[in-house]
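Residues 0 to 106 (numbering that gives the first Met the number 0) are what the sequence shown spells out, left to right. Just so it is clear, CB atoms sit at the ideal spot from N, CA and C, and this is done for glycine as well.
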Amino acid sequence: MGKFIYNSSPREIDIDDRTLAHLRVAILNKLRRSESFAMTWEHGVENGSGRTTIWLHESIPLQFVFSGNRPPVLNRLWIEQMLLSANSTAGLHFVPEPAESAQLEDE
Numbered sequence: 000m001g002k003f004i005y006n007s008s009p010r011e012i013d014i015d016d017r018t019l020a021h022l023r024v025a026i027l028n029k030l031r032r033s034e035s036f037a038m039t040w041e042h043g044v045e046n047g048s049g050r051t052t053i054w055l056h057e058s059i060p061l062q063f064v065f066s067g068n069r070p071p072v073l074n075r076l077w078i079e080q081m082l083l084s085a086n087s088t089a090g091l092h093f094v095p096e097p098a099e100s101a102q103l104e105d106e
């Protein structure tokens, strides 16, 4: 289980390493082009329900902390879906990983 740490906030978001690796690529892709955007996630019942939205900007520090030492094989289609959501008015949100067969059909 990795962590996403934004700014100097004491709040850390626990995200599994595979999802975090894909979010990292999508977020860094947007920020390196100086594109600010919102990101929203749900807390889940185990964390009191609700949701949080943050504004991501290139000038605000962020960290991606992985618990594992091996980077996963990335699913290009999943990253593209995350980027599409980041470009929407709702902002980036966690979308389920598309099946491998969906990725193969697209290529």
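Return the CA-CA distance between E57 and S35, expressed in angstroms with no decimal places.
The C-alpha of S35 is placed about 7 Å away from the C-alpha of E57.
Tell me the rounded alpha-carbon separation between A85 and W77.
12 Å
Strand pairing of W54, partner residues [DSSP]:
As a beta-bridge residue in DSSP terms, W54 pairs with A37.
Check whether R31 and E41 have beta carbons under 7 Å apart:
no
Does DSSP classify I12 as helix, strand or coil?
strand
One question on the structure: do R17 and F63 come within less than 7 Å of each other, judged by their Cβ atoms?
no
Which partner residues does Q62 have in the DSSP bridge list?
I4
Does the Cβ-Cβ distance between L82 and A25 come in under 7 Å?
yes
Checking the sheet assignment: what are the DSSP bridge partners for L91?
M38
Measuring straight from C-alpha to C-alpha, what distance separates L55 and A37?
6 Å
Here's the rule: buried if 16 or more other CB atoms are within 10 angstroms of the residue's CB, otherwise exposed. What is L27?
It is exposed - the Cβ of L27 has fewer than 16 other Cβ atoms within 10 Å.
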